[in-house]
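*Asks:*
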Amino acid sequence: MNSAEALARIQEVKRRREAELLRKANVVAVGIGYRQRGGRSTDELCLVVSVRRKVPLEALAPEDRIPPEIDGVPVDVQEVGTLRAL
């Protein structure tokens, strides 16, 4: 799959699953971007789920857990804090 096809696939999954993800506790945004590893961006395009604060998986209710992949698309959970409109 080339990058244009990958982007189209991620956009489709985002469109279908965004509302569901935003209902999860701690989730503040859903977007498309590059996976972060050790504070650096990689070249892996993915669905980015932004959360106020990362917490251990076992501290989350099962319905609030975010899987590492949704519909075959990689997911990266990124801590962003509280978002506020200017």
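The sequence shown maps to residues 1 to 86 in full-length UniProt numbering. The beta-carbon is built from N, C-alpha and C at its ideal position, and this holds for glycine as well.
#1: Taking 9 Å as the cut-off, decide whether the C-beta atoms of residue 75 and residue 57 are in contact.
#2: For the region 61–68 against the region 30–47, do three or more pairs of beta-carbon atoms, one drawn from each stretch, fall closer than 8 Å, so that the two count as touching?
#3: Threshold first: 3 residues or longer. Then list the beta strand (DSSP E) segments lying entirely within the region 31–74, N to C.
#4: Is it buried or exposed, residue 49, if we count other Cβ atoms within 10 angstroms and call 16 or more buried?
#5: In chain order, what residues of the same chain have a beta carbon less than 8 Å from the beta carbon of residue 61, not counting five sequence neighbours either side?
#6: When the Cα atoms are used, what is the spatial distance from residue 86 to residue 80?
*Replies:* Short version:
#1: On the sequence shown, position 75 is the one that residue 75 refers to. On the sequence shown, position 57 is the one that residue 57 refers to. Not closer than 9 Å, so no.
#2: no
#3: 40–51
#4: As a working note, residue 49 is residue 49 in the sequence shown. It is buried - the Cβ of residue 49 has at least 16 other Cβ atoms within 10 Å.
#5: Along the sequence shown, read from residue 1 onward, the residue named residue 61 stands at position 61. Closer than 8 Å at the Cβ level, and outside the excluded window around residue 61, lie 25.
#6: One-based indexing of the sequence shown puts residue 86 at position 86. One-based indexing of the sequence shown puts residue 80 at position 80. Each residue's Cα considered, the two are about 16 Å apart.
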